[in-house]
Structures are given as C-alpha cells and as structure tokens.
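Participant:
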Amino acid sequence: GANPFSVAGIPVARNAALVEAGLDLAISRNATLGLSYAGQLASDVQDHAFKGNLEVRF
1 GANPFSVAGI PVARNAALVE AGLDLAISRN ATLGLSYAGQ LASDVQDHAF
51 KGNLEVRF
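In this text, residue positions in the sequence shown follow full-length UniProt numbering: the first is 1, and each later residue adds one.
1) Is the separation between the beta-carbon of residue 78 and that of HIS48 shorter than 8 Å?
2) According to DSSP, which residues form a beta bridge with ASP47?
3) On the three-state DSSP scale, how would you describe ASN30?
4) CB-CB under 8 Å to ALA42, same chain, minus the five flanking residues each way: which ones, in chain order?
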C-alpha cells in the first residue's frame with residue numbers, strides 16, 4: 001500500500017470547538033467503507049474536513 005502522510009492545516013483558534021466523528025461499514029466480508037468528519041468551529045473561524053476510504057482485502 002501507499003505510505004501515510006500528513007498535511008498541516010490552520011492553527012486552532014481561541015475558544016474553538018473541535019469536533020470529530022467517523023464510522024466504518026463492512027460492505028462485504030473483504031471490503032470496508034469508511035467516512036469521517038473533522039471540524040473546528042469558532043466565532044471567526046470555521047474549518048471542515050471530510051474523508052472517505054474504501055479498504056479491500058484479498
């Protein structure tokens with residue numbers, strides 16, 4: 001598979017709420033679909049990120 005990597009985003013704002021949620025769904029015996037959300041919410045800043053992945057094992 002591919003090597004993991006990171007991307008730096010904006011710094012966390014003062015008095016911000018950080019929200020993260022995700023789920024994995026087994027769509028078959030060998031495949032999993034994943035969806036996730038991460039957000040930073042403040043009075044003057046909003047940052048939203050959505051991620052989806054498909055994992056197939058063989």
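Built from N, CA and C at the ideal position, the CB exists for glycine as well. Keep in mind it's a predicted model, so treat the numbers as computed, not measured.
Facilitator: Put simply:
1) Not covered by the structure: residue 78. The range shown for the chain is 1 to 58.
2) Taking the first residue of the sequence shown as position 1, residue 47 is located at position 47. Answer is GLN40.
3) Translated into positions along the sequence shown, residue 30 becomes position 30. Correct three-state label for ASN30: coil.
4) If you number the sequence shown from 1, residue 42 lands on position 42. Cβ within range, chain order: ALA13, ARG14, ASN15, ALA16 and ALA17.
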